[in-house]
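Numbering (my numbering), first residue to last: 117 to 563. Notes follow once the structure below has been shown.
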């Protein structure tokens with residue numbers, strides 16, 4: 117016989133529950149950017165400002181360092197009674213290492229943990245190369261110094277871009293890169309004047325001693341750059357600037373080759389430099405024939421004018437890139453090139469040739485900001501920013517290397533006017549390709 121079950125439950129013995137557990141728990145909510153900004157301390161703001169000023173100084177002095185390896189090399193080697201073939205071979209070694217080292221240099225920056233460390237090592241290597249050139253100007257040491265300088269530059273350029281984007285975040289990268297371009301242009305102009313004075317009043321090897329000494333203020337500025345403030349939510353920029361994928365190099369290269377926006381941009385930049393690199397040397401030849409007495413001063417003005425335009429407009433270009441997008445500014449930069457070629461072809465006055473170089477400053481201001489910015493857009497969230505920047509740099513170097521040969525053949529066979537017209541046609545082809553195939557790479561800052 118089954119006993120019926122009672123429906124009455126025994127009361128549970130009372131638990132000794134602390135009073136605090138009886139209170140309702142507050143609902144948690146996800147922190148917003150406004151909360152993060154509100155929690156930012158004055159100390160963090162001061163560190164961010166100091167880092168920004170440190171990056172300004174670092175880009176300025178890096179430009180000083182690189183100027184020492186410009187036209188002063190040929191003057192120095194000639195004074196040391198080198199033959200033209202030896203000078204050409206030494207410069208070719210540097211160019212080849214620079215061309216072939218772009219992608220490995222970018223991959224190295226992606227792989228290392230500290231971007232500041234890689235930048236610092238590169239600065240030391242460049243300064244050591246300059247010191248070696250001044251102390252031991254024999255053939256083997258010079259070849260080694262040129263190779264070390266070019267390899268270090270392949271690391272330094274993407275490291276600066278990565279530090280810049282990691283410091284301010286992707287949403288403000290355009291403005292920061294514009295400041296970089298401005299201070300770099302100022303550094304080029306100041307260094308050219310100071311090193312020219314050193315070579316004239318002291319000696320040509322003093323230029324390289326001065327270049328080596330610039331390592332000290334450059335590293336001091338680098339030491340003032342601190343990592344990004346904690347709490348910043350720009351994960352994509354941090355990954356692009358600081359993160360690596362941990363994949364084999366071959367996988368990274370395959371990923372770059374399948375990146376449509378990056379490949380389109382590299383093709384357009386190759387055509388741009390194929391048309392652009394030879395224009396100033398052709399102008400120099402024309403100025404030498406038409407105004408031989410003032411040719412040196414006019415060529416110097418042709419170099420300085422674009423730097424002044426870049427220094428004045430770089431930050432504005434960066435801000436405009438965030439408001440308008442990348443494509444409109446890229447179209448402006450590309451359009452300036454064929455217009456410049458046409459004007460060079462039909463201009464006789466040496467002074468007007470210098471004035472036309474303002475258009476070169478417009479293109480320089482656009483690409484000084486757009487190249488790292490577009491590459492950062494195309495590789496966002498991938499951790500391959502620096503390798504991709506090296507790949508685009510390689511494409512630009514190939515175009516520049518072929519440009520002088522192309523222009524030389526056209527000038528010898530058809531004349532300087534036809535050479536300028538031919539370069540203008542190549543520049544217009546780059547503009548048309550950009551307009552037809554290049555997508556807009558700017559994304560929603562909140563994406």
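The beta carbon of each residue, even a glycine, is placed where N, CA and C say it ideally should be.
Tell me the rounded alpha-carbon separation between residue i and residue j.
{"i": "residue 169", "j": "residue 230", "result": "20 angstroms"}
{"i": "residue 438", "j": "residue 559", "result": "10 angstroms"}
{"i": "residue 553", "j": "residue 383", "result": "10 angstroms"}
{"i": "residue 342", "j": "residue 271", "result": "19 angstroms"}
{"i": "residue 275", "j": "residue 500", "result": "12 angstroms"}
{"i": "residue 110", "j": "residue 430", "result": "There is no way to answer for residue 110, as the model of the chain reaches only from 117 to 563."}
{"i": "residue 513", "j": "residue 445", "result": "22 angstroms"}
{"i": "residue 59", "j": "residue 222", "result": "Outside the displayed range of the chain (117 to 563) lies residue 59, so it cannot be described from this structure."}
{"i": "residue 337", "j": "residue 291", "result": "20 angstroms"}
{"i": "residue 323", "j": "residue 391", "result": "32 angstroms"}
{"i": "residue 397", "j": "residue 213", "result": "23 angstroms"}
{"i": "residue 346", "j": "residue 321", "result": "Low local confidence applies: a pLDDT of 35 at residue 346 is under 50, so the model's placement there is unreliable, with the coordinate-based value given in what follows. Near 46 angstroms, if we compare the C-alpha coordinates of residue 321 and residue 346."}
{"i": "residue 311", "j": "residue 326", "result": "8 angstroms"}
{"i": "residue 493", "j": "residue 557", "result": "6 angstroms"}
{"i": "residue 434", "j": "residue 278", "result": "16 angstroms"}
{"i": "residue 462", "j": "residue 456", "result": "10 angstroms"}
{"i": "residue 224", "j": "residue 426", "result": "29 angstroms"}
{"i": "residue 537", "j": "residue 441", "result": "31 angstroms"}
{"i": "residue 265", "j": "residue 179", "result": "14 angstroms"}
{"i": "residue 551", "j": "residue 521", "result": "27 angstroms"}
{"i": "residue 547", "j": "residue 483", "result": "14 angstroms"}
{"i": "residue 399", "j": "residue 460", "result": "8 angstroms"}
{"i": "residue 421", "j": "residue 404", "result": "18 angstroms"}
{"i": "residue 454", "j": "residue 508", "result": "21 angstroms"}
{"i": "residue 360", "j": "residue 406", "result": "Bear in mind that the predicted position of residue 360 carries a pLDDT of just 46, short of 50, making it too unreliable to give a figure here."}
{"i": "residue 147", "j": "residue 418", "result": "The pLDDT assigned to residue 147 is 46, lower than 50, so where the model puts this residue is not dependable; a value taken from the coordinates is nonetheless given after this. When rounded, the distance between both Cα atoms is 53 angstroms."}
{"i": "residue 477", "j": "residue 423", "result": "6 angstroms"}
{"i": "residue 543", "j": "residue 479", "result": "12 angstroms"}
{"i": "residue 256", "j": "residue 235", "result": "26 angstroms"}
{"i": "residue 301", "j": "residue 252", "result": "30 angstroms"}
{"i": "residue 448", "j": "residue 481", "result": "11 angstroms"}
{"i": "residue 244", "j": "residue 189", "result": "15 angstroms"}
{"i": "residue 518", "j": "residue 450", "result": "18 angstroms"}
{"i": "residue 334", "j": "residue 464", "result": "43 angstroms"}
Which first and last residues belong to the alpha helix (DSSP H) in which residue i is found?
{"i": "residue 554", "result": "No alpha helix (DSSP H) holds residue 554; DSSP gives it neither H nor E."}
{"i": "residue 466", "result": "466-472"}
{"i": "residue 250", "result": "231-251"}
{"i": "residue 258", "result": "255-284"}
{"i": "residue 496", "result": "Careful: residue 496 lies outside any alpha helix (DSSP H) and carries neither H nor E."}
{"i": "residue 303", "result": "289-317"}
{"i": "residue 508", "result": "501-530"}
{"i": "residue 218", "result": "218-227"}
{"i": "residue 394", "result": "Segment: none, residue 394 is in no alpha helix (DSSP H) and carries neither H nor E."}
{"i": "residue 325", "result": "320-329"}
{"i": "residue 448", "result": "442-461"}
Within 10 Å of its beta-carbon, does residue i have 16 or more other beta-carbons around it, so buried, or fewer, so exposed?
{"i": "residue 254", "result": "exposed"}
{"i": "residue 233", "result": "exposed"}
{"i": "residue 197", "result": "exposed"}
{"i": "residue 525", "result": "exposed"}
{"i": "residue 387", "result": "buried"}
{"i": "residue 373", "result": "exposed"}
{"i": "residue 318", "result": "exposed"}
{"i": "residue 226", "result": "buried"}
{"i": "residue 528", "result": "exposed"}
{"i": "residue 210", "result": "buried"}
{"i": "residue 496", "result": "buried"}
{"i": "residue 468", "result": "exposed"}
{"i": "residue 531", "result": "exposed"}
{"i": "residue 555", "result": "exposed"}
{"i": "residue 182", "result": "buried"}
{"i": "residue 208", "result": "exposed"}
{"i": "residue 218", "result": "buried"}
{"i": "residue 204", "result": "exposed"}
{"i": "residue 534", "result": "exposed"}
{"i": "residue 175", "result": "buried"}
{"i": "residue 192", "result": "buried"}
{"i": "residue 393", "result": "buried"}
Hey, is residue i's beta-carbon within less than 7 angstroms of any beta-carbon in chain C?
{"i": "residue 259", "result": "Checking the listed chains, one finds no chain C in this structure; it contains a single protein chain."}
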